[in-house]
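> Protein chains in written order, with my numbering: chain G, 1 to 158; chain P, 1001 to 1158.
Protein chains: 2
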Amino acid sequence: MISTPALPPESSTEAKRFEAFLRAKKLKLTRERKAILAAIARKAPHFDAENRVSRATVYRTLNLLVQCGLVQKNSLGSSHACYEASHGREPHDHMICLQCGKVFDFYRTDLAALQNDLCQDRVFAPLYHNLQIFGLCADCITGADEKFIREQVARINT
Amino acid sequence: MISTPALPPESSTEAKRFEAFLRAKKLKLTRERKAILAAIARKAPHFDAENRVSRATVYRTLNLLVQCGLVQKNSLGSSHACYEASHGREPHDHMICLQCGKVFDFYRTDLAALQNDLCQDRVFAPLYHNLQIFGLCADCITGADEKFIREQVARINT
DNA sequence: TTTTTTGCAAATCGTTTGCACGCTG
DNA sequence: CAGCGTGCAAACGATTTGCAAAAAA
């Protein structure tokens, strides 16, 4: 076993932010909340290490972390969502193939600027965005029904 | 009962597209599929009029319509989704408040151009996009913990 | 007639909630 | 000590799936 090392600067930053948030809302800093935050800070895949914390608590805490900006929750009206730690997240977006479902990441630094630009004339403080481009990937375009698909693409893109 | 009128031009366009798609995939044009397509074409809210078609069939057909481009399915890796008819859809995007969950629509004509631009150097044929901007709405910014929230926004937006 | 579809009901899966007990401030 | 938070198990709601009957090609 390794003696507990000093926490990396990022996680203590995150912890401080979370604590400040809880204080502002008069909520309590429990062992479970610390554990979940720690798991996120160390980028634990799917919170495996936090099996001792009940699922209900994980969800309740995730909601707090979302409100506090430490976790991003992506959804759109649906009851399902996709949680992702904000910390160290390269702001990337997705291209999703409608035919096979494959997801491609892409990075564009200018999208953050666009985001701020979009919000400049309205009272809305943007924290992060999520851009999904749906279409057809190379494999699916060259598939059997290529002709049909190309026609489809042409029609919609005009 | 009313004698069947000629279908409006849009729906017949959609119907043709769907038929071509089914033919290309050697699938059958059933009464249920027609009914669901018709409901979408007439912008029926939530397919109320299609109660006679089983839920399973609605979902199965929606998947076909998505592949064929007549319906947009918005999700992000999650198993839940948000279906929306492509037909006559103003290409709009969403700002979503993390605090209260309210959704604001916004329209930007230049986003379609951006979408094509993003895909120009890779083999991916974009059909449509979905941009979500998460942040805090006016009401929530002016709420009790304004100070904290502003700090948060400032931190993330840099 | 052959193959695809449908409807039903059961199975999933992520998420939420009510409640009694436990812990933080 | 007063609340807030937790675990559990049941409730939920959207979506999927297996299977036998029904419909399209």
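Note that beta-carbon positions come from the ideal geometry of N, C-alpha and C, so glycine has one too.
For Q72(G), which residues in chain P fall below 8 Å Cβ to Cβ?
The residue given as residue 72(G) occupies position 72 in the first sequence. The contacting residues are F1134.
> Quick check on this structure: which residue in A112(G), I40(G) and Q99(G) has the alpha carbon closest to the alpha carbon of L70(G)?
Locating residue 70(G) in the first sequence gives position 70, counting from the first residue. The residue with the shortest Cα to Cα distance from L70(G) is I40(G).
> Among the residues of its own chain, which have a CB less than 7 Å from the CB of A49(G), if the five just before and after it don't count?
Stepping through the first sequence from its first residue, residue 49(G) is reached at position 49. Note that A49(G) scores 49 on pLDDT, short of 50, meaning its location in the model is unreliable; the coordinates nonetheless yield the value given after this. If we look at A49(G) and ignore the five residues flanking it on each side, its Cβ neighbours are A39.
> Any beta-carbon of chain P closer than 8 Å to the one on V123(G)?
Walking along the first sequence from the start, residue 123(G) turns up at place 123. Yes, contact with chain P.
> What in chain G is Cβ-close to Q1115(P), meaning under 8 Å?
Indexing the second sequence from 1 puts residue 1115(P) at position 115. Here the neighbours are I133.
> Would you tell me roughly how many angstroms separate the C-alpha atoms of T30(G) and R23(G), rounded to the nearest one?
For the purposes of this step, residue 30(G) is taken as the residue at position 30 of the first sequence. For the purposes of this step, residue 23(G) is taken as the residue at position 23 of the first sequence. When rounded, the distance between both Cα atoms is 12 Å.
> Return helix, strand or coil for L1064(P), following the three-state DSSP convention.
The residue you call residue 1064(P) lines up with position 64 of the second sequence. Helix.
> Which chain P residues sit within Cβ distance under 9 Å of L62(G)?
As a first step, residue 62(G) is located in the first sequence; it is residue number 62 there, counting from the start. Under the 9 Å cutoff, chain P gives no residues; its nearest Cβ is about 12 Å from L62(G).
> Less than 8 Å between the beta carbons of I133(G) and P1126(P), yes or no?
What you label residue 133(G) is simply residue 133 of the first sequence in a count that begins at 1. What you label residue 1126(P) is simply residue 126 of the second sequence in a count that begins at 1. Against a cut-off of 8 Å, the Cβ pair of P1126(P) and I133(G) comes out as a contact.
> What residue from K43(G), M95(G), A35(G) and N130(G) has the CA that sits closest to V58(G)'s CA?
Within the first sequence, the letter at position 58 stands for residue 58(G). Closest by alpha carbon: A35(G).
> DSSP on A1085(P), reduced to helix/strand/coil?
By 1-based counting over the second sequence, the position of residue 1085(P) is 85. DSSP places A1085(P) in strand when its eight states are reduced to three.
> Using a Cβ-Cβ distance cut-off of 8 Å, determine whether L118(G) contacts chain P.
Here residue 118(G) refers to the residue found at position 118 when the first sequence is read from its first residue. Yes, L118(G) lies at the interface with chain P (some Cβ there is under 8 Å from its Cβ).
> Since F1124(P) sits in a beta bridge, which residues does DSSP pair it with?
As a working note, residue 1124(P) is residue 124 in the second sequence. In the DSSP output, where bridge partners are listed per residue, F1124(P) has C137(G).
> If you check the beta carbons only, do F1104(P) and M95(G) fall under 8 Å apart?
Translated into positions along the second sequence, residue 1104(P) becomes position 104. Translated into positions along the first sequence, residue 95(G) becomes position 95. Cβ distance not < 8 Å, so F1104(P) and M95(G) don't count as in contact.
> At least one CB of chain G closer than 8 Å to the CB of K1026(P): is that the case?
The sequence position of residue 1026(P) within the second sequence is 26, counting from 1. Not an interface residue.
> Could you tell me which chain P residues have their CB closer than 9 Å to the CB of I141(G), listed as they occur along the chain?
As a working mapping, residue 141(G) is identified with position 141 in the first sequence. By Cβ distance, chain P contributes V1123, F1124 and A1125.
> Pull the bridge partners of F106(G) from the DSSP assignment, please.
Position 106 of the first sequence, counted from the first residue, corresponds to residue 106(G). According to DSSP, which records beta bridges pairwise, F106(G) is partnered with D93(G).
> Below 8 Å on the Cβ atoms is my guess for L98(G) versus G135(G); work out the distance and round it to an integer in Å.
Residue 98(G) sits at position 98 when you count from the first residue of the first sequence. Residue 135(G) sits at position 135 when you count from the first residue of the first sequence. About 7 Å; that satisfies the 8 Å criterion.
> Closer than 9 Å by beta-carbon distance: list the chain P residues that pair up with F104(G), in chain order.
As a first step, residue 104(G) is located in the first sequence; it is residue number 104 there, counting from the start. Ordered by position in chain P, the residues that pass the 9 Å Cβ test against F104(G) are R1122 and F1124.
> Strictly under 8 Å for the Cβ-Cβ distance: is A55(G) near chain P by that measure?
The count along the first sequence starts at 1 and reaches residue 55(G) at position 55. The sequence as given places Arg at residue 55(G); Ala does not occur at that position. It does not: the Cβ of R55(G) has no partner Cβ on chain P nearer than 8 Å.
> Are C68(G) and R17(G) closer than 8 Å when you measure CB to CB?
Along the first sequence, read from residue 1 onward, the residue named residue 68(G) stands at position 68. Along the first sequence, read from residue 1 onward, the residue named residue 17(G) stands at position 17. Contact: yes.
> Taking CB distances under 8 Å as the criterion, tell me whether R1033(P) reaches chain G.
Taking the first residue of the second sequence as position 1, residue 1033(P) is located at position 33. No, because no Cβ of chain G sits closer than 8 Å to the Cβ of R1033(P).
> At a Cβ threshold of 8 Å, is R1108(P) touching chain G?
Stepping through the second sequence from its first residue, residue 1108(P) is reached at position 108. Closer than 8 Å to some Cβ of chain G, the Cβ of R1108(P) qualifies, so yes.
> Which residues does DSSP pair with L1131(P) in a beta bridge?
Translated into the one-based positions of the second sequence, residue 1131(P) becomes position 131. L131(G).
> Output the boundary residues of the alpha helix (DSSP H) element that contains K34(G).
Position 34 of the first sequence, counted from the start, is the residue given in the question as residue 34(G). Residues R31 to A41.
> Buried or exposed: S12(G), going by 16 or more other Cβ atoms within 10 Å of its Cβ?
Within the first sequence, the letter at position 12 stands for residue 12(G). Classification for S12(G): exposed.
> Just how far apart, CA to CA, sit A1020(P) and N1063(P)?
Counting from one through the second sequence, the residue named residue 1020(P) turns up at place 20. Counting from one through the second sequence, the residue named residue 1063(P) turns up at place 63. Distance between the alpha carbons of A1020(P) and N1063(P) is about 16 Å.
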